[in-house]
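Report on the structure given below.
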Amino acid sequence: MNKKKFQNIAKDVINLEIKALQKLKKNINYSFDQAVSHIVNCRSKVILCGVGKSGIIASKIAATLSSVGTPSFSLSAGDSSHGDLGSISKKDILILISNSGETDELKNIIQYANRNKILLICIVSKKDSLLYKAADIKLLIPKTIEAGGIVPTSSTTAQLALGDALAIAIMKYKKFDKMDFKKLHPAGNLGAQLKTVEDIMLVGNRIPFVSQNLRMKEALKILSAKNLGVLIVQNKQKKTIGIITDGQIRRFNQKKLNIQSMKVSEIMTKKPISIEKDSLAAKALELMNSKKITSLSVYNKRNKNKTIGILHIHNILQSNIT
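Numbering (numbering that gives the first Met the number 0) for the sequence shown: 0 to 321.
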């Protein structure tokens, strides 16, 4: 078989799965609304279960739901008949996934759910199946042609897409946003890109504050001690009125001025560039790059004139934000 035939096989598989998704799209109805509504209002857990390839899809859907704020986990169909049914409570929602709806391993779970009045949602392809008849909410996957005729492919693609649709609909209903997502994804590249300025800024006595009337001789000592290459200038009301950078100081020294006897207010740049604490750190980096600066004073939106933190470009780079 030549390589071009392999490519044709790949395209045939993809076309079959596209057709399965197109059928699924037409099949979305009121049952989908019911499923979303019940899951949104669930005060306990959402438990998913399937057998074989459907079990793998159940695990993926559970992981997606959990990642967007709906506590979920997948249950092993085989282990459920050996004690794991005890992990299902009456307040839970149970989602069973099966192409045929007649898989033996699911029968005990179906009976347990019905006997204990646990809300049962099915994702199934056959209306005359035990699972379809037993479910409270029925999400029907249209009949599909499996690629190769044997291996679950088109059917599992449809199952996965339906699970993604549920997760996103629930997320949108709950108004689960980037900041909520960040709380559940603190690690990895996603977590880094969703960090806010407040997450990485320097606060308290690490902020290099100086009074506007302070002599530069003393201000330089603070500059050296804080080791940030910047000073934040305040007035008597503790409002931020200026900034001094080591670059400015070098330029004054090049002019051979007696900088040490000068007041901070004579050296500072007025109205320093600042950023709100809830801004994304990635936005702060963009601002620094565009303004060709290495530090930002940070404020709370309730009081823009008061510095509550300082953000140095090194803080951003150490957090793997690009």
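We treat Cβ as the ideally placed atom computed from N, Cα and C, and that holds for glycine. Here the structure is a predicted model, which is why all the values come from computation and not from measurement.
- For S88, the closest alpha carbon among the candidates R114, F31 and T244 is that of R114.
- The beta-carbon separation of T69 and V45, rounded to 6 angstroms, stays under the 8 angstroms limit for a contact.
- Take the alpha-carbon of S260 and the one of K216: they are about 6 angstroms apart.
- Assigned with DSSP and collapsed to three states, G241 falls in strand.
- The DSSP assignment places 273-275 as complete runs of the beta strand (DSSP E) inside the stretch 243-294, in order along the chain (cut-off: 3 residues).
- Distance from the CA atom of I122 to the CA atom of K59, rounded to whole angstroms, is 14 angstroms.
- Counting only residues of its own chain and dropping the five nearest sequence neighbours on each side, S153 has a CB closer than 8 angstroms to the CB of L15, E16, K18, A19, T143, I144, E145 and A146.
- Assignment of beta strand (DSSP E) within the stretch 34-101, counting only whole runs of 3 or more residues, yields 45-49, 71-75 and 92-97 in chain order.
- DSSP places G308 inside the beta strand (DSSP E), whose first and last residues are N302 to H311.
- The criterion of a C-beta distance shorter than 8 angstroms is not satisfied by L165 and I140.
- Beta-bridge analysis with DSSP links Q233 to S210 and T239.
- DSSP, reduced to helix, strand and coil, places V150 outside both helices and strands of the structure shown, so it counts as coil.
- Cβ-Cβ distances below 6 angstroms link I136 to S30, Q33, A34 and I120 in the same chain, with the five nearest sequence neighbours on each side left out; the list follows chain order.
- Counting only residues of its own chain and dropping the five nearest sequence neighbours on each side, D277 has a CB closer than 6 angstroms to the CB of T195.
- By the neighbour-count definition (other C-beta atoms within 10 Å, threshold 16), H81 is an exposed residue.
- As computed with DSSP, Y298 is found in a beta bridge with E275 and T306.
- Comparing alpha carbon positions, the residue from S273, I117, L130 and K126 closest to E104 is L130.
- Around the beta carbon of Y298, 16 or more other beta carbons sit within 10 angstroms, so the residue counts as buried.
- Partner residues in a beta bridge of L193, as assigned by DSSP, do not exist.
- Around the Cβ of L230, a 10 Å sphere holds 16 or more other Cβ atoms; the residue is buried.
- Per the coordinates, the alpha-carbon of L193 lies some 7 angstroms from the alpha-carbon of A280.
- Under the criterion of beta carbons closer than 8 angstroms, P207 and K225 qualify as touching, at roughly 4 angstroms.
- In the structure shown, I122 falls within a strand segment according to DSSP collapsed to helix, strand and coil.
- For I27, the secondary structure class from DSSP, reduced to helix, strand or coil, is coil.
- Looking at the DSSP output, I136 bridges to I120.
- Secondary structure of L201 (DSSP, three-state): strand.
- For D103, the uninterrupted alpha helix (DSSP H) run begins and ends at D103 to R114, by DSSP.
- The beta carbons of I309 and M287 sit no closer together than 8 angstroms.
- M170 sits away from V263, with the two beta carbons spaced by 8 angstroms or more.
- Rounded to whole angstroms, I199 and K132 show a C-alpha spacing of 54 angstroms.
- Just measuring C-alpha positions, the residue of A283, L138 and Y172 sitting nearest L64 is Y172.
- Take the alpha-carbon of M267 and the one of N319: they are about 31 angstroms apart.
- In the displayed model, L227 falls within coil according to three-state DSSP, outside both helix and strand.
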